[in-house]
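Residue numbers (our numbering), protein chains in the order written: chain S, 28 to 375; chain F, 28 to 375.
Think of the CB as a built atom: it goes at the ideal place given N, C-alpha and C, for glycine as much as any other residue.
Keep in mind it's a predicted model, so treat the numbers as computed, not measured.
Note sheet for the following structure.
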């Protein structure tokens with residue numbers, strides 16, 4: 028089981044974890060941006076392995092370079108890897124650690140809100156391969172994760188909004204009260220100091236779901252809320268050479284799937300207007316789509332890897348905030364209607 | 028836990044396993060030799076992924092080619108990989124399966140005695156990396172392993188002797204009676220039909236040890252018997268451009284470690300003469316060493332990855348057949364004496 032620490036005193040927390048794990052050696056894996064902007068402030072005494080930044084660098088070449096550096100730095104089976112960075116670093120550094128000498132221990136220190144609430148916790152590691160996202164990887168939980176908001180101050184607002192969309196998702200899975208408190212917090216202007224308790228609650232929602240289903244055979248699929256439609260928006264934007272932040276696509280995807288939940292289940296219509304209003308007020312913008320993109324979006328949903336067969340598009344839907352239902356499907360007609368209503372609510 | 032089947036009717040056994048696992052698709056991973064010599068006889072209806080043969084092909088390039096072929100053949104998370112071959116195929120195919128889409132199910136069908144008794148069972152998968160053996164990999168047990176002697180008839184005697192050394196090791200770990208029955212069987216001339224029950228007993232020794240300690244934190248290290256000195260012989264031969272079969276090196280290493288067990292523990296001297304005589308009678312030959320190689324061999328043992336520090340050379344020793352002791356160490360003087368006695372017993 029993963030040990031998760033919530034603190035804004037990162038350096039003492041890391042030293043204390045390293046002392047308790049008593050590794051033969053310690054190796055920090057990070058990317059070029061974090062190495063410049065965050066590492067100097069943390070003042071850590073350990074070897075550093077730096078990878079290129081960005082999702083396009085989450086590949087076999089970078090992974091192989093991490094393994095090589097571990098060998099050069101003399102890492103043994105009793106060594107410890109500390110991944111410091113966003114989701115690319117924790118996914119790839121975690122996979123490197125999970126496979127180096129058949130597995131060495133590792134700690135994740137996510138430096139973005141998105142990775143804190145999503146990638147760093149839950150044991151999914153991996154790299155992209157031949158253009159497929161996370162096509163190669165392993166389920167390998169970190170020995171410890173440090174959740175902190177103290178590295179978020181340098182993040183652009185886009186990054187914060189992107190991560191906050193995953194927090195809203197966790198609120199929707201957890202309870203109406205959690206969801207309400209998230210919509211009440213203003214991520215675009217509120218002080219970051221107030222974020223840590225909300226983040227702790229959010230990470231615990233994910234932790235709790237992962238504990239029940241580490242290998243995603245059932246309830247863990249609830250975490251896919253917003254992601255079937257969200258991935259379709261993300262892929263369409265990528266194909267059109269105007270990529271959108273993952274969290275924005277998820278934020279929009281949640282609305283599409285709330286609408287589907289309303290059309291096919293009991294999800295209340297008032298909640299649709301409330302959430303659409305929230306998206307507009309926070310500056311999530313909207314996908315660049317028209318009614319002409321509907322068939323394309325449905326086709327992209329059909330090829331989502333969460334589906335068992337292309338005939339059955341898998342969604343996590345909601346009966347109401349706090350009441351998710353996994354393994355739902357929807358007809359092409361329902362998805363088409365949902366996308367029409369979505370464009371309407373978003374003013375497209 | 029791994030399901031292990033002992034049978035010489037491979038094809039029906041595979042069909043029945045596939046039926047019970049009900050995979051979305053089936054992908055055989057094998058090497059060029061097995062594809063030519065064994066696969067046609069098995070008459071299996073599934074897609075085949077063929078890798079180059081030999082330990083030098085157990086690398087990132089071949090691994091990457093297996094992942095690519097799985098994608099091309101449309102493998103999903105619910106697909107099944109069947110590794111058919113020696114240790115290179117089961118190690119690398121197992122690792123490919125364990126990491127493709129964060130893990131798909133796989134079956135091992137070892138086609139050599141060495142892989143049947145060693146690599147195919149126990150969950151160690153991996154590849155060589157930058158010249159280091161099994162430097163990258165995962166602990167990932169196969170969903171099922173089929174142990175059969177029916178593919179051994181085409182193996183050269185060297186291969187059988189090599190595998191039999193690991194069976195002798197299992198006998199030494201298990202009981203005096205098991206060990207005796209192995210020395211009584213003549214692997215170089217006895218009919219293969221009589222081998223299956225001995226092999227079953229031998230695989231169960233390993234299975235039992237692995238069950239107690241899947242991640243090699245303790246008792247599983249007993250399986251290293253013969254391997255500290257054995258790896259040194261293997262590395263020396265490789266450095267001298269005259270590689271020796273792994274099992275031969277282990278067979279010789281067992282004798283060195285029996286001698287150390289005699290020098291530092293209670294292992295009876297009569298057993299040394301008996302085992303040395305057995306090695307000579309079966310045609311295991313002897314390593315090409317003289318007293319001038321002693322320092323080099325000790326240096327190689329010092330750098331064995333089983334050691335926690337280079338100052339402490341880790342051995343599994345024996346109080347007597349059936350009574351192993353893990354995490355022993357020995358002084359340089361004792362190792363030097365053991366190598367002197369070894370050369371003596373081997374007539375070098």
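With burial defined as no fewer than 16 other Cβ atoms inside 10 Å of the residue's Cβ, what is the status of residue i: buried or exposed?
i, result
"residue 233(S)", "buried"
"residue 242(F)", "exposed"
"residue 244(F)", "exposed"
"residue 319(S)", "exposed"
"residue 261(S)", "buried"
"residue 129(S)", "buried"
"residue 257(S)", "buried"
"residue 197(S)", "buried"
"residue 190(F)", "buried"
"residue 331(F)", "buried"
"residue 366(S)", "buried"
"residue 302(F)", "buried"
"residue 311(S)", "buried"
"residue 171(S)", "buried"
"residue 359(S)", "exposed"
"residue 229(S)", "buried"
"residue 225(S)", "buried"
"residue 327(S)", "buried"
"residue 64(S)", "exposed"
"residue 54(F)", "buried"
"residue 267(F)", "exposed"
For residue i, I'd like the list of residues in its chain whose CB is within less than 8 Å of its CB, leaving aside the five on either flank, ordered along the chain.
i, result
"residue 199(S)", "206, 252, 281, 345, 348, 349, 351"
"residue 180(F)", "219"
"residue 392(F)", "With chain F covering 28 to 375 only, the question about residue 392(F) has no answer from this structure."
"residue 295(F)", "289, 347"
"residue 333(F)", "248, 251, 254, 255, 341"
Could you check how far apart the C-beta atoms of residue i and residue j are, in whole angstroms? I think they sit under 8 Å.
i, j, result
"residue 148(S)", "residue 31(S)", "7 Å"
"residue 75(F)", "residue 87(F)", "About 21 Å separates the two Cβ atoms, so there is no contact after all."
"residue 176(S)", "residue 136(S)", "About 12 Å separates the two Cβ atoms, so there is no contact after all."
"residue 139(F)", "residue 188(F)", "No, residue 139(F) and residue 188(F) are not in contact; Cβ-Cβ is about 12 Å, not under 8 Å."
"residue 285(S)", "residue 299(S)", "6 Å"
"residue 291(F)", "residue 361(F)", "6 Å"
"residue 44(F)", "residue 71(F)", "Actually they are not in contact, since the Cβ atoms of residue 44(F) and residue 71(F) sit about 12 Å apart, beyond 8 Å."
Using the beta-carbon of each residue, which ones in chain S are nearer than 8 Å to residue i?
i, result
"residue 165(F)", "125, 126, 129, 130, 165"
"residue 326(F)", "Simply none; closest approach about 17 Å."
Once the 5 residues before and after residue i are set aside, which same chain residues still bring their CB inside 7 Å of it?
i, result
"residue 193(F)", "141, 144, 145, 274, 277"
"residue 249(S)", "200, 236, 343, 351, 353"
"residue 101(F)", "52"
"residue 339(F)", "356"
"residue 376(F)", "Only positions 28 to 375 of chain F appear in the structure, and residue 376(F) is not among them; the question remains open."
Return yes when the Cβ of residue j is within less than 8 Å of the Cβ of residue i, no when it is not.
i, j, result
"residue 399(F)", "residue 375(F)", "Within the shown structure, residues of chain F are numbered from 28 to 375, placing residue 399(F) beyond reach of any answer."
"residue 121(F)", "residue 169(F)", "yes"
"residue 104(S)", "residue 50(S)", "no"
"residue 134(F)", "residue 93(F)", "no"
"residue 255(F)", "residue 341(F)", "yes"
"residue 155(S)", "residue 85(S)", "yes"
"residue 38(F)", "residue 69(F)", "yes"
"residue 313(S)", "residue 373(S)", "yes"
"residue 116(F)", "residue 56(F)", "yes"
"residue 287(F)", "residue 203(F)", "no"
"residue 97(S)", "residue 127(S)", "yes"
"residue 90(S)", "residue 48(S)", "no"
"residue 369(S)", "residue 271(S)", "no"
"residue 208(F)", "residue 184(F)", "no"
Which bits of chain S does residue i rub up against, with CB to CB less than 7 Å?
i, result
"residue 153(F)", "129"
"residue 94(F)", "156, 163"
"residue 91(F)", "87"
Within a Cβ cutoff of 6 Å, which residues of the same chain sit near residue i, ignoring the five residues on either side of it in sequence?
i, result
"residue 152(S)", "118, 121, 122, 125, 164, 165, 167"
"residue 210(S)", "305"
"residue 80(F)", "58, 59, 60"
"residue 279(S)", "260, 314"
"residue 186(S)", "139"
Report the neighbours of residue i on chain F: residues whose CB is nearer than 9 Å to its CB, in chain order.
i, result
"residue 284(S)", "Chain F residues near residue 284(S): none, gap ~22 Å exceeds 9 Å."
"residue 98(S)", "156, 157, 159, 162"
Determine the chain F residues that contact residue i at a beta-carbon separation under 7 Å, and present them in chain order.
i, result
"residue 107(S)", "Here the premise fails: no neighbours, minimum Cβ distance about 15 Å."
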